[in-house]
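**Student:**
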Amino acid sequence: MALVNVSDQRISLKVDASGTDVIGNRHVDGQADLAPYQIMWIRMEGRG
């Protein structure tokens, strides 16, 4: 799953999934907080 913040504001997103951001190596579970212009690529748990 890819999450992209295209604004100049920090955002919080509800995420209906659990996994690890392969760019920032952070765990995501239910919510993702993105800085301005941040990109997250989430590797879903239980999937390759």
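Per numbering that gives the first Met the number 0, the very first residue in the sequence shown carries number 0; after that it's consecutive.
In this text, a Cβ means the ideal position worked out from N, Cα and C, and glycines have one as well.
Determine the extent of the beta strand (DSSP E) in which A31 is found, giving its start and end residues.
**Tutor:** By one-based count along the sequence shown, residue 31 stands at place 32. A31 -> beta strand (DSSP E) spans 25-33.
**Student:** For A1 and G18, what's the separation of their Cα atoms in angstroms?
**Tutor:** Taking the first residue of the sequence shown as position 1, residue 1 is located at position 2. Taking the first residue of the sequence shown as position 1, residue 18 is located at position 19. Their backbone Cα atoms lie some 11 Å apart in a straight line.
**Student:** Under DSSP, the beta strand (DSSP E) around I41 begins and ends at which residues?
**Tutor:** Taking the first residue of the sequence shown as 1, we reach residue 41 at position 42. That run of the beta strand (DSSP E) goes 38-43.
**Student:** Terminal residues of the continuous beta strand (DSSP E) containing I10?
**Tutor:** Within the sequence shown, numbered from 1, the residue matching residue 10 stands at position 11. I10: member of the beta strand (DSSP E) spanning 10-20, first to last residue.
**Student:** If you follow the beta strand (DSSP E) that V5 is in, where does it begin and where does it stop?
**Tutor:** Against the sequence shown, residue 5 aligns to sequence position 6. Unbroken run through V5: none, as it is neither H nor E.
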